[in-house]
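Residue numbers (this note's numbering): 32 to 277.
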C-alpha cells in the first residue's frame with residue numbers, strides 16, 4: 032500500500048484523498064477580490080456607505096484576500112445572509128434586503144463568469160493528482176462552492192480522468208458537515224478511516240475530524256498560516272511537500 036508523506040508526517044494505508052477546491056487546488060484570490068469588490072460596489076449604489084463594512088466582512092483588503100474571511104470559506108448563502116444583515120441595519124426590511132443582495136450578487140457574477148476560467152490550478156497540483164492516481168489512490172473534491180462550479184472546474188481543467196467524485200455544497204449541506212465526506216467515501220467505495228482530507232480552512236479540519244478520517248493536511252499556499260488551522264494533522268507550504276511513496 033502506498034505511503035503519503037507530508038513533510039515529516041507519514042500516512043499509511045490511505046485509499047482515498049479528498050481535496051478542498053478553492054484555496055487548495057484552485058488559486059481563487061484574484062477572482063474573489065474582484066467578485067467581492069463588484070458585490071460591494073453594486074450594494075453601495077443601493078445603500079450608500081455600506082461598502083467598507085461589506086468588504087471587511089468579505090475579507091477583501093484592496094487586492095488581498097483574508098484566507099479565513101467570509102468570501103474565502105463561506106458558502107454563497109452565508110455570504111448573502113451576512114451582506115443582507117448590513118443592508119437591513121440601515122432600515123430596509125429583511126426580505127427586501129435579502130432580495131436586493133441576491134440580485135446584486137447575480138449581477139456581480141457576470142463580471143467574473145465563468146468562474147473556472149479565473150481560478151487556475153496551483154503550481155504542482157496536477158502533478159500530485161497524477162502521482163496519487165498512478166499509485167491507485169482514489170481522488171475526490173469536496174468543496175464549499177456550488178456543485179455547478181465544482182463540476183465546471185473539473186471539466187475546464189480536464190481532471191475527469193483523475194478525480195472520481197466532485198461534490199459541492201447546498202444550503203442544507205455544507206462544510207463542516209461530515210455527511211459530505213460520507214457521500215464522497217460512499218461513491219469512492221472506501222471508508223473514512225482510510226481517507227485523508229487536504230484543505231486550507233478550519234472547516235476542512237473540523238469536517239475531517241467529525242467524519243473520523245485519518246486526518247487533515249493543512250495547506251498554506253493560499254495564504255493560510257498554521258495557526259489558522261489549529262488541529263490539522265500536519266501543515267505544508269507547497270504541493271511538492273506532499274509525496275507518494277510506492
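We put the CB at the ideal spot given by N, CA and C, even for glycine.
Once the 5 residues before and after residue i are set aside, which same chain residues still bring their CB inside 6 Å of it?
| i | result |
| --- | --- |
| residue 64 | 91, 94, 96 |
| residue 36 | 274, 276 |
| residue 17 | Residue 17 lies beyond the residue range present for the chain, which begins at 32 and ends at 277; the question has no answer from this structure. |
| residue 199 | 174, 176, 177, 178, 181 |
| residue 71 | 82, 85, 86 |
| residue 129 | 115 |
Return helix, strand or coil for residue i, following the three-state DSSP convention.
| i | result |
| --- | --- |
| residue 171 | strand |
| residue 198 | strand |
| residue 248 | strand |
| residue 176 | coil |
| residue 78 | coil |
| residue 47 | strand |
| residue 42 | strand |
| residue 101 | helix |
| residue 230 | strand |
| residue 37 | strand |
| residue 191 | coil |
| residue 56 | coil |
Can you tell me whether residue i is buried or exposed? The criterion is at least 16 other CB atoms within 10 Å of its CB, across all chains shown.
| i | result |
| --- | --- |
| residue 126 | exposed |
| residue 259 | buried |
| residue 47 | buried |
| residue 44 | exposed |
| residue 39 | exposed |
| residue 131 | buried |
| residue 179 | exposed |
| residue 257 | exposed |
| residue 262 | exposed |
| residue 223 | buried |
| residue 142 | exposed |
| residue 103 | buried |
Anyone know if the C-beta pair for residue i and residue j falls short of 8 Å?
| i | j | result |
| --- | --- | --- |
| residue 250 | residue 264 | no |
| residue 60 | residue 254 | yes |
| residue 203 | residue 98 | no |
| residue 106 | residue 233 | no |
| residue 108 | residue 89 | no |
| residue 270 | residue 156 | yes |
| residue 137 | residue 164 | no |
| residue 114 | residue 66 | no |
| residue 57 | residue 154 | no |
| residue 219 | residue 196 | yes |
Considering only residues of the same chain and omitting the five flanking positions on each side of residue i, which have a CB-CB separation below 7 Å?
| i | result |
| --- | --- |
| residue 68 | 91 |
| residue 133 | 111 |
Beta-carbon within less than 8 Å of residue i's beta-carbon, same chain only, minus the 5 sequence neighbours each way: which residues are those?
| i | result |
| --- | --- |
| residue 201 | 178 |
Please confirm if residue i has its CB atom under 8 Å from at least one CB of chain C.
| i | result |
| --- | --- |
| residue 225 | In the structure shown, chain C cannot be found, because there is only a single protein chain. |
Taking 8 Å as the cut-off, does the region 63 to 80 touch the region 156 to 171 (at least 3 CB pairs, one atom from each stretch)?
Counting C-beta pairs closer than 8 Å gives fewer than three between the region 156 to 171 and the region 63 to 80, which falls short of the contact rule.
Is the region 107 to 126 close to the region 232 to 242, with three or more CB pairs under 8 Å?
Cβ pair count under 8 Å is below three, so no.
Between the region 43 to 58 and the region 174 to 187, do at least 3 Cβ pairs fall closer than 8 Å?
Yes, they touch.
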